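Per the numbering used here, the very first residue in the sequence shown carries number 30; after that it's consecutive.
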Amino acid sequence: MEMLKAGGRKVVGMKQVLRALKAGTVSRVYVGSDADTFIYQQVVRGAESAGVPCVRVASMKELGMVCGVDVPTAAAGLLR
């Protein structure tokens, strides 16, 4: 989470994270533990199949704040 806070290059949102995982440009994925089950599973499976570590965050609200967006965020990815 420190890299996300420090302004490291990132993607925010489920669609962006899944797209970046397929492209192989993500080094770590963060997912809100209170995200919808379908979204949570999609992101975790995508990270597993790409061989990328997936970190569970306390809430979508916290993840959104760390990413610098004004809305809760289900997923975020740190770019390589």
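Using N, Cα and C, we set each Cβ at its ideal position, and we do this for glycine too.
Since the model is a prediction, treat every value here as computed from it, not as a measurement.
Backbone CA spacing between residue i and residue j [nearest angstrom]
i      : j      : result
Ala87  : Gly93  : 11 angstroms
Gly106 : Cys96  : 10 angstroms
Val84  : Arg38  : 17 angstroms
Gly53  : Pro101 : 25 angstroms
Gly61  : Ala104 : 6 angstroms
Leu108 : Arg48  : 12 angstroms
Residues of its chain near residue i, where Cβ-Cβ distance is below 6 angstroms and the 5 sequence neighbours each way are ignored
i     : result
Glu77 : none
Contact belief for residue i with residue j at Cβ below 8 angstroms, rounded distance in angstroms
i     : j     : result
Val81 : Val58 : 6 angstroms
Residues bridged to residue i (per DSSP)
i      : result
Leu108 : Val55
Beta-carbon contacts of residue i that lie in its chain and below 7 angstroms, excluding the five residues immediately before and after
i     : result
Val98 : Val41
Neighbour-count burial assignment, residue i, 16 or more Cβ in a 10 Å radius
i     : result
Gln70 : exposed
Gly75 : buried
Close Cβ partners of residue i (< 8 angstroms) along its chain, the five nearest in sequence each way excluded
i     : result
Ala79 : Leu50, Lys51, Gly53, Val55
Val72 : Met43, Val46, Leu47, Val58, Val60, Ala64, Cys83, Ala103, Ala104
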